[in-house]
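Residues 1 to 170 in the numbering used here are what the sequence shown spells out, letter by letter.
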Amino acid sequence: MTPRNTYIEHDKYLGTITIPNVKYFVCRCGEESVSGEILQKIDEEYKRLLSELLLKRLSSIDDINRQYMTNRELVAKLGITRQAIAKNFLIKGRIFNIVLFGQRYYLRESVELFLRTGDGRFPLVNEQKPNMSPKTPVLLSAAQSIEIINEQSNKNSGNLGINTQKSTAF
Ligand SMILES: [Zn+2]
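Below, the structure written as structure tokens:
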């Protein structure tokens, strides 16, 4: 069992989901033992990241109505009741949506895709292809990379401390 301090997940729609400062273990077989608390954090981060990525696609307030439909429009489009939409977690989970000014909006593109295929999600970020990069012949796991970065920054801040002491001595 290897302890880890940062949970990292590569989501095919949202890209990298990072949850810092959590403790969990990875088995030799690769299985992660993640607590319910961490799952809750992943869920929250997924929602936060989704909103962030959807907001990036909006260039103005007018774009909201161009890119999104309201609950009322969705009811008409799907031909089911508002209550049925509220109860059906698959709809909210599979159609990209965002809450703006206290109202939930559904991405039109995602609604159309949902109607065609039953899943309205699509990649909102360019898929990373680390294997294609010749600069990284040895592929470190993201968690390992973060550990190395942390070690380096700790070292740097340590050096900085010594330098500060030296300069104040003069
Ligand atoms: Zn195992």
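Quick reminder that beta carbons are idealized off the backbone N, C-alpha and C, glycines included.
Taking every protein chain shown into account, the CB of Val111 has 16 or more other CB atoms within 10 angstroms, so this residue is buried. Taking the Cα positions, Thr81 is about 22 Å away from Arg121. Proximity to Ile42 across Thr18, Leu53 and Arg57 peaks at Thr18, based on C-alpha coordinates. Closest option to Lys77, judged by alpha-carbon separation, among Leu100, Leu115, Leu124 and Ile98: Leu115.
Around the beta carbon of Gln67, a 10 Å sphere encloses 16 or more other beta carbons of the protein chains shown; the residue is thus reported as buried. By the C-beta density criterion, Arg4 is buried, having at least 16 other C-beta atoms within 10 angstroms. If the five residues before and after Ile95 are omitted, its C-beta is found closer than 6 Å to the C-beta atoms of Tyr106, Ser110, Val111, Phe114 and Gly120, all from its own chain and listed in chain order. Straight-line spacing of the CA atoms in Thr70 and Gly15 works out to 26 Å. Scanning its chain for C-beta atoms nearer than 7 Å, with the 5 sequence neighbours on each side dropped, one finds around Pro123 the residues Lys12 and Tyr13, in chain order. Cβ contact annotation for Glu52 (same chain, cutoff 6 Å, sequence separation greater than five): none. Exposure of Asn65 is indicated by the presence of fewer than 16 other C-beta atoms within 10 angstroms of its C-beta. Note that the C-beta distance between Glu31 and Tyr24 is not below 8 Å.
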